[in-house]
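Everything below concerns the one structure shown next.
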Amino acid sequence: MSLTTPNPPATPPPAAPAGPQGGGASSPDGPTRTVKVMAILIAVLSGTLGALLAFVLTRHLGATGLVAAGSAGVTFLGVAGTVKYIEEKLNLL
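So this is what it looks like as structure tokens:
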């Protein structure tokens, strides 16, 4: 009496090795939508933090409210633009 089955079940082919999970940067199609949204949110939050710091610093140094608001606005644009540029160079956008 044989202990082997006449038709053994077929084994599935081996899975392809997983690539590095570097935030979607290694994908041939580019980053996913989720990665793009998070990258934009990081740029906006960085700009907001820079604007808040600029506003507080200029008010502390004795600037008027209008000057402080203008400084905060320019700082927001500069910081958010710089972070967005860096994210584009890192292939996150």
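Letter by letter, the sequence shown follows residues 1 to 93 in full-length UniProt numbering.
Note that CB positions come from ideal geometry on N, CA and C, so glycine has one too.
Straight-line spacing of the CA atoms in Leu90 and Thr11 works out to 41 Å.
Comparing alpha-carbon positions, the option among Ile40, Gly62 and Thr4 lying closest to Ala80 turns out to be Ile40.
Contact annotation: Gly73 and Ala51 have beta-carbon atoms nearer than 8 Å.
For Ala43, the enclosing alpha helix (DSSP H) begins and ends at Arg33 to His60.
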